[in-house]
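Residue numbers (the UniProt record's numbering): 1 to 316.
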């Protein structure tokens, strides 16, 4: 997937205002994502902000306080809006800045907008209260809410002309999305439990004696640290596979991906060192450390080092 953009993009004033709105949403709400996309040239950064703002809207519906029936209606209305974007029915005079920005981005880049349908499907799984018995079950959800975002982002990044194995780039982008989502799930186990959600597979919970979730005290004799270390190894295997995408990208796109993934890898490191920390609250990185990861990504240090580091053995 090679993208050629002829000359710098000069959006009209209404389109530029729409992008500015999306960039403001991204800067305010995307704690990790925003650090990565700062490394992109303006037209790609704007497109990624439009994707984020639309995705944020979908997530906010799923995480909001509406009744399930109302959430479904709102999500289907958002899907209808996506259909209008896909069919070219949104122009710069539309009153929805997210739709205007995403429609312009889709004209500029070969973004596979069907990935946003998958995101909506994944959020509907949350609304329906889906339970995941096995890792294969959870992968379906992760591919919808995160793998699809990886493939959408690849539509903006493109691959370098002549990149070896570029036909597998969407697969690697999808896998990297799974790695990020599994890290999110580990980070948020307590918060999700308080909202009535358990994402880790039921058979993994049973294997380590952790009952049916984390809303209350863990059962006596449970091996929560063992569960976390098992899932960390799974996430590292996904990162190692997904990082095969990096050599296929241009320098700044590769730096963006390396920065975003690098932040999550460091989160994974912290979780591995102190598994019980996720039961006390959200594990996060300070801003200066995120900035350091971004600089390493732009310098190419993480891009060269990453693939050699992660996986010692895959979970059995």
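A virtual CB, placed ideally from N, CA and C, is assigned to each residue, including glycine.
Spatial neighbours of residue i in its chain, beta-carbon cut-off 7 angstroms, leaving aside the 5 residues before and after
i: residue 6; result: Note that residue 6 has pLDDT 38, beneath the 50 cutoff, so the model's placement of it is unreliable and no number is given.
i: residue 56; result: 25, 29
i: residue 11; result: 19, 104
i: residue 203; result: 133, 134
Boundaries of the alpha helix (DSSP H) in which residue i is found, first to last residue
i: residue 48; result: 42-63
i: residue 191; result: 189-194
i: residue 160; result: Neither: residue 160 is in no alpha helix (DSSP H) and is coded neither H nor E.
i: residue 68; result: 68-86
i: residue 18; result: 13-29
i: residue 147; result: Run containing residue 147: none; DSSP gives neither H nor E here.
i: residue 34; result: 33-37
Nonlocal neighbours in the same chain, by C-beta distance under 6 angstroms from residue i, ignoring five residues either side
i: residue 198; result: 213
i: residue 189; result: 214, 278
i: residue 47; result: 105, 109, 156
i: residue 97; result: 18, 21
CB of residue i within 7 angstroms of CB of residue j, strictly
i: residue 39; j: residue 255; result: yes
i: residue 99; j: residue 90; result: yes
i: residue 180; j: residue 146; result: yes
i: residue 133; j: residue 186; result: no
i: residue 228; j: residue 161; result: no
i: residue 116; j: residue 82; result: yes
i: residue 293; j: residue 263; result: yes
i: residue 268; j: residue 283; result: no
i: residue 226; j: residue 208; result: yes
i: residue 151; j: residue 112; result: yes
i: residue 114; j: residue 144; result: no
i: residue 37; j: residue 45; result: yes
i: residue 169; j: residue 154; result: yes
i: residue 92; j: residue 41; result: no
i: residue 201; j: residue 138; result: yes
Residues near residue i in its chain [Cβ-Cβ closer than 8 angstroms; skip 5 each side]
i: residue 127; result: 62, 68, 71, 72, 75
i: residue 34; result: 26, 27
i: residue 224; result: 208, 210, 218, 275, 276, 279
i: residue 281; result: 190
The ligand NAD heavy atom lying under 6 angstroms from the CB of residue i
i: residue 272; result: Only the bare structure without any ligand can be found here, which leaves the ligand NAD out of the picture.
With a floor of 4 residues, list each alpha helix (DSSP H) that falls wholly inside the region 104-143, ordered by position along the chain.
-> 114-127, 135-142
At least 3 beta-carbon pairs within less than 8 angstroms: the region 236-250 vs the region 171-189 = yes
Report the residue ranges of all beta strand (DSSP E) runs contained in full by the region 171-253; include only those spanning at least 3 residues, in chain order.
-> With a minimum length of 3 residues, no continuous beta strand (DSSP E) run stays inside the region 171-253.
Tell me the start and end of each unbroken alpha helix (DSSP H) in the region 252-288 that is at least 4 residues and wholly inside, in chain order.
-> Listed in chain order, they are 277-280.
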